[in-house]
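As structure tokens, the structure follows; a few thoughts come after it.
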């Protein structure tokens with residue numbers, strides 16, 4: 006199997022067990038991982054270096070829809086995958102409007118999540134990269 010360069014996925018989750026589970030899953034899928042415990046830590050991580058994709062919880066310290074729009078301002082082209090256990094149609098609409106690429110309700114099926122992320126990264130690779 007031809008191995009592409011390992012894409013960098015930033016996993017943002019305040020629940021340590023959930024973050025650890027996600028890291029295990031994506032590590033075994035061959036991604037490079039970075040972790041953040043809350044919205045502020047995630048924002049700082051993205052300011053230092055924009056990952057290929059951000060997988061983030063929504064309800065956590067410094068989280069929520071305006072956290073997503075803050076991320077969007079510093080990472081305009083980066084896919085943002087949001088998961089939340091506290092969603093409803095209004096929350097989903099607000100989060101997508103704030104700039105999330107994909108929205109999942111928890112509990113998330115890890116297989117679905119991985120398939121979605123793989124597809125987003127493939128799509129991102131096939132787009133012409135514009136610097137600016």
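Numbering (my numbering), first residue to last: 6 to 137. By construction, the Cβ of each residue, glycine as well, lies at the ideal position given by its N, Cα and C atoms.
Evaluate residue 127 with the Cβ neighbour count: other Cβ atoms within 10 Å of its Cβ, from every protein chain shown; 16 or more gives buried, anything less gives exposed. Classification for residue 127: exposed.
Can residue 88 and residue 113 be called in contact, C-beta distance under 8 Å? For residue 88 and residue 113, yes; Cβs fall inside 8 Å.
Can you list, in chain order, the residues of its chain with a C-beta nearer than 6 Å to that of residue 90? Leave out the 5 residues immediately preceding and following it. Around residue 90: 111.
Local Cβ density within 10 Å of residue 136, reported as buried at 16 or more and exposed below that: No answer about residue 136 holds up, because its pLDDT of 44 lies below 50 and its placement is not dependable.
State the DSSP-derived secondary structure class of residue 40, mapped to helix, strand or coil. Collapsing the DSSP output to three states places residue 40 in a strand.
Considering just the uninterrupted stretch of the beta strand (DSSP E) at residue 88, what are its terminal residues? Run containing residue 88: 85–89, per the beta strand (DSSP E) assignment.
Can you name the start and end residues of the beta strand (DSSP E) that residue 79 belongs to? For residue 79, there is no enclosing beta strand (DSSP E); the residue is part of the alpha helix (DSSP H) that begins and ends at 70–79.
Close Cβ partners of residue 79 (< 8 Å) along its chain, the five nearest in sequence each way excluded: Within the same chain, residue 79 has close Cβ partners 48, 51, 52 and 55.
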